[in-house]
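Here the sequence shown is numbered in full-length UniProt numbering, starting from 1 and rising by one per residue.
All C-beta atoms, glycine included, are put in the ideal place defined by N, C-alpha and C.
Working notes for the structure below.
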Amino acid sequence: MEQVSLYTSEETLVIALNNNITAIDRSTMKAVTVPTSLAKFHQILFYYILGLYKYEDFYYLVLVTDYKEVSEFRHICKITSFEIIPFKTFKTESSSHFLELLNIGLKQCEMYFSTDRDFDITLTQQQYMDRQNCRTTFMWNYESIKTLKECWPSASTCIPDRCGPVIGGFVKQIGNFVIISRKSNKNCGCHTWNRGVDSDGHAAIFVETEEIYIIDNTRPEKINNVSNISNSNNQKSNSFLSTLSPRRSRRNLDNLSTSSTPKNNTPVKPSISPYSNQNINPNNSPSSSPSKSVRFENIHIITHVEIRGSCPIFWSQYPTTQFSKPLRYGPVGESRRRFNKHIDELDELYGKDNIYIVNLTQHKGKELKLLTLYQQFANERNIPFLEFDFNGLMKTPGAIQKEIQKLTDSAEACIIVNGKITQRQNKVYRVNCTSCLDRTNVFMAMMSSLVLQKYGDRYVLEDEDQHVELWNMNSDVMALEYACTPALKTHMTKTGYQPLEGSLHDLPIMIQRYINSLFIEGTISDSYTAVLQEHTFTKFETKYSTFQQILLFLQLVLIFLYMYVFLGKQFAAYHWRKRVKEIINHPHIADLRDADEYDDTDFYTNDGK
Numbered sequence: 001m002e003q004v005s006l007y008t009s010e011e012t013l014v015i016a017l018n019n020n021i022t023a024i025d026r027s028t029m030k031a032v033t034v035p036t037s038l039a040k041f042h043q044i045l046f047y048y049i050l051g052l053y054k055y056e057d058f059y060y061l062v063l064v065t066d067y068k069e070v071s072e073f074r075h076i077c078k079i080t081s082f083e084i085i086p087f088k089t090f091k092t093e094s095s096s097h098f099l100e101l102l103n104i105g106l107k108q109c110e111m112y113f114s115t116d117r118d119f120d121i122t123l124t125q126q127q128y129m130d131r132q133n134c135r136t137t138f139m140w141n142y143e144s145i146k147t148l149k150e151c152w153p154s155a156s157t158c159i160p161d162r163c164g165p166v167i168g169g170f171v172k173q174i175g176n177f178v179i180i181s182r183k184s185n186k187n188c189g190c191h192t193w194n195r196g197v198d199s200d201g202h203a204a205i206f207v208e209t210e211e212i213y214i215i216d217n218t219r220p221e222k223i224n225n226v227s228n229i230s231n232s233n234n235q236k237s238n239s240f241l242s243t244l245s246p247r248r249s250r251r252n253l254d255n256l257s258t259s260s261t262p263k264n265n266t267p268v269k270p271s272i273s274p275y276s277n278q279n280i281n282p283n284n285s286p287s288s289s290p291s292k293s294v295r296f297e298n299i300h301i302i303t304h305v306e307i308r309g310s311c312p313i314f315w316s317q318y319p320t321t322q323f324s325k326p327l328r329y330g331p332v333g334e335s336r337r338r339f340n341k342h343i344d345e346l347d348e349l350y351g352k353d354n355i356y357i358v359n360l361t362q363h364k365g366k367e368l369k370l371l372t373l374y375q376q377f378a379n380e381r382n383i384p385f386l387e388f389d390f391n392g393l394m395k396t397p398g399a400i401q402k403e404i405q406k407l408t409d410s411a412e413a414c415i416i417v418n419g420k421i422t423q424r425q426n427k428v429y430r431v432n433c434t435s436c437l438d439r440t441n442v443f444m445a446m447m448s449s450l451v452l453q454k455y456g457d458r459y460v461l462e463d464e465d466q467h468v469e470l471w472n473m474n475s476d477v478m479a480l481e482y483a484c485t486p487a488l489k490t491h492m493t494k495t496g497y498q499p500l501e502g503s504l505h506d507l508p509i510m511i512q513r514y515i516n517s518l519f520i521e522g523t524i525s526d527s528y529t530a531v532l533q534e535h536t537f538t539k540f541e542t543k544y545s546t547f548q549q550i551l552l553f554l555q556l557v558l559i560f561l562y563m564y565v566f567l568g569k570q571f572a573a574y575h576w577r578k579r580v581k582e583i584i585n586h587p588h589i590a591d592l593r594d595a596d597e598y599d600d601t602d603f604y605t606n607d608g609k
């Protein structure tokens with residue numbers, strides 16, 4: 001990919017690629033005439049623009065300065081280096097803190113872009129324009145690109161192919177397997193600070209994972225069940241090369257509108273195929289350079305999509321000094337409203353009545369109420385609800401696979417043979433446990449493996465080893481991005497149960513998560529807010545360093561012990577609860593009340609609206 005130049009001076013920023021050039025004043029944020037000479041300007045070379053990030057009246061342009069390709073299949077590139085360019089040459093204490101958070105957030109989450117296609121849309125979803133229009137949810141730089149288009153529109157028109165969608169999550173190809181995990185840009189933060197579903201129906205820790213299995217193109221008969229596809233389904237199948245949508249820059253990135261067309265399942269037939277040989281820039285402007293292309297007329301593919309997300313009711317589990325943190329629940333009426341809003345969102349993304357819920361929370365203890373409410377709301381909407389006592393099953397070898405195998409008979413995959421979609425995946429499993437990290441990942445990995453084996457009998461032991469490796473990598477990355485530690489229960493992905501070795505492996509990670517929840521996760525949640533631009537920050541308080549927090553915590557423990565001995569248990573407990581919240585590292589957003597601190601009057605007026 002050809003590099004683009006950014007020229008900087010104290011007054012002006014200039015972007016140039018071949019004959020395309022644009023300039024902006026750094027202080028007024030207004031387009032200006034391009035200087036006649038750039039000799040005294042500082043030059044920065046970059047490949048891609050992440051966007052323009054805003055804090056109060058400070059703006060920061062973020063450029064991708066290096067990348068590496070991680071998947072040949074869809075030419076997906078991982079961002080490995082970036083540079084932040086402040087528009088203003090001066091700074092305040094709060095803007096410096098925001099810049100620090102932006103740096104942390106951009107490093108915390110792995111980010112990817114593609115050089116020649118809409119990789120942020122699954123292969124199946126590219127058939128339906130109505131579903132594509134609402135998929136800005138998975139565009140990690142949605143708000144920053146929107147700000148760039150508003151403040152410096154000539155930058156996006158000058159190099160449109162370098163201002164496209166970026167996803168956050170994980171992408172990797174090993175052998176014939178490709179895995180793409182796309183994180184939602186809504187209600188995002190560290191797992192203990194983000195639980196449940198927000199008032200707009202966006203579930204916390206919402207991730208769509210698409211696994212692609214590429215079959216030997218000389219043996220198409222080795223894809224199972226192709227001959228069993230009904231004639232009616234075959235009649236509906238169109239050429240895969242003619243039905244996929246063109247690059248996002250020719251669709252709703254031009255106006256960044258989230259409006260959707262009426263729901264239907266009508267395949268889209270654009271005039272340009274993203275799998276054909278074409279330049280990066282679909283308009284073939286001089287700024288574009290030839291892109292890599294992949295042709296799939298003779299490649300056979302099985303792809304399977306699963307989604308995860310926090311239990312979509314109104315609940316919270318904010319950090320406390322308790323190792324096992326209590327779950328708190330908001331008003332039932334508000335929980336129901338949020339649940340219904342979330343399901344409506346899933347209907348837009350994946351089609352009406354296509355969602356099947358898989359719940360992995362415990363059938364006893366503090367998670368029982370979560371299960372009960374979730375199942376009640378699902379039954380009210382007639383949504384299939386499947387429950388597994390995961391913690392009980394994991395103690396018995398083979399028990400989890402046996403339960404998952406029962407679902408495989410009705411599980412679906414998208415099958416592409418000789419460049420044509422011969423079967424589409426309609427049914428999508430929405431999986432959750434409490435944190436949507438460890439148990440959820442084990443289930444999704446096992447489910448995906450069984451589905452791919454069902455549809456492709458060339459799936460051999462070597463493939464299974466690659467599959468396990470890929471999903472364990474995915475599990476670790478998701479856990480690092482949401483909990484700042486590697487994943488738990490990764491031994492189960494291969495063995496199917498939790499051996500003693502796995503429990504010993506998990507123990508230090510659990511301790512690390514406890515410490516992170518007290519001293520780190522608030523800052524990481526703030527860093528996601530800086531990157532995603534979803535919330536407005538409250539005023540940044542003078543914060544303790546991590547070292548100071550630990551010292552204060554130890555001091556508080558000593559004070560508690562003293563009060564317990566000389567002043568009594570009740571007084572010591574009261575003082576502990578009052579002081580410990582001052583030490584816990586928390587995000588700086590408007591409302592951090594626990595869910596049970598709300599009541600109906602926070603959401604409804606006297607007339608019930």
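Assigned exposure category for residue i - 16 Cβ within 10 Å defines buried
| i | result |
| --- | --- |
| proline 587 | buried |
| glutamine 570 | exposed |
| glutamine 555 | exposed |
| histidine 300 | buried |
| arginine 593 | exposed |
| phenylalanine 46 | buried |
| glycine 392 | exposed |
| methionine 478 | buried |
| glutamine 562 | Correcting the residue type first, residue 562 is tyrosine in the shown sequence and not glutamine. By the neighbour-count rule (16 or more Cβ atoms within 10 Å), tyrosine 562 is not buried but exposed. |
| threonine 22 | buried |
| lysine 183 | buried |
| methionine 446 | buried |
| valine 565 | exposed |
Alpha-carbon spacing of residue i relative to residue j, whole angstroms
| i | j | result |
| --- | --- | --- |
| lysine 406 | threonine 122 | 26 angstroms |
| asparagine 412 | asparagine 185 | With the sequence shown as reference, residue 412 is identified as glutamate, and asparagine is not the correct amino acid for it. Each residue's alpha carbon lies about 27 angstroms from the other. |
| serine 114 | valine 178 | 14 angstroms |
| threonine 434 | aspartate 198 | 16 angstroms |
| serine 95 | cysteine 414 | 47 angstroms |
| isoleucine 49 | valine 64 | 6 angstroms |
| alanine 595 | arginine 195 | 10 angstroms |
| phenylalanine 547 | lysine 494 | 39 angstroms |
| leucine 17 | threonine 536 | 35 angstroms |
| threonine 396 | aspartate 476 | 24 angstroms |
| methionine 1 | isoleucine 511 | 44 angstroms |
Closest by C-alpha distance to residue i, when choosing among the options
| i | options | result |
| --- | --- | --- |
| residue 659 | Ile205, Val171, Thr495 and Asp200 | No answer is possible for residue 659: it lies beyond the span of the chain, which begins at 1 and ends at 609. |
| asparagine 474 | Leu488, Leu370 and Pro312 | Leu488 |
| phenylalanine 90 | Arg26, Leu552 and Ile343 | Arg26 |
| isoleucine 583 | Met394, Ser517, Tyr562 and Asn382 | Ser517 |
| isoleucine 421 | Thr303, Trp315, Asn472 and Val431 | Thr303 |
| phenylalanine 540 | Thr92, Ser9 and Lys88 | Thr92 |
| asparagine 19 | Trp193, Thr157 and Leu368 | Thr157 |
| leucine 470 | Ser181, Glu334, Val428 and Met1 | Ser181 |
| isoleucine 76 | Gly201, Gly168, His191 and Tyr514 | Gly168 |
| tryptophan 315 | Ala31, Tyr7 and Glu597 | Glu597 |
| isoleucine 400 | Phe58, Gly496 and Ser335 | Gly496 |
| glutamine 375 | Phe339, Tyr514 and Asp463 | Phe339 |
Backbone secondary structure at residue i - three-state DSSP
| i | result |
| --- | --- |
| methionine 394 | coil |
| glycine 51 | strand |
| arginine 430 | strand |
| histidine 182 | It should be noted that the sequence gives arginine, not histidine, for residue 182. Reduced to three states, the DSSP call for arginine 182 is strand. |
| glycine 168 | strand |
| arginine 593 | coil |
| arginine 337 | helix |
| valine 352 | Contrary to the premise, residue 352 reads as lysine rather than valine in this sequence. Lysine 352: coil per DSSP, three-state reduction. |
| alanine 203 | strand |
| proline 508 | helix |
| aspartate 599 | coil |
| tryptophan 315 | strand |
| valine 32 | coil |
Any chain C beta carbon closer than 8 angstroms to residue i
| i | result |
| --- | --- |
| lysine 454 | Considering every chain present, this structure includes no chain C. It has just one protein chain. |
Q. Are at least three pairs of beta-carbons, each pair with one atom in the segment 343-351 and one in the segment 313-333, less than 8 angstroms apart?
A. no
Q: Take every Cβ of the segment 90-110, pair it with every Cβ of the segment 194-212, and state whether three or more of those distances are shorter than 8 angstroms.
A: no
Q: Please confirm if the segment 498-515 is in contact with the segment 305-316, defined as three or more CB-CB distances below 8 angstroms between the two stretches.
A: no
(Q) Closer than 8 angstroms is the cut-off here; do at least three beta carbon pairs connect the segment 25-44 with the segment 520-536? (A) no
Q) Between the segment 351-362 and the segment 378-390, are three or more C-beta pairs nearer than 8 angstroms? A) yes
Q.
Does the contact criterion of 3 or more C-beta pairs under 8 angstroms hold for the segment 446-454 versus the segment 474-484?
A. no
**Q.** At least 3 beta-carbon pairs within less than 8 angstroms: the segment 104-111 vs the segment 5-20
**A.** no
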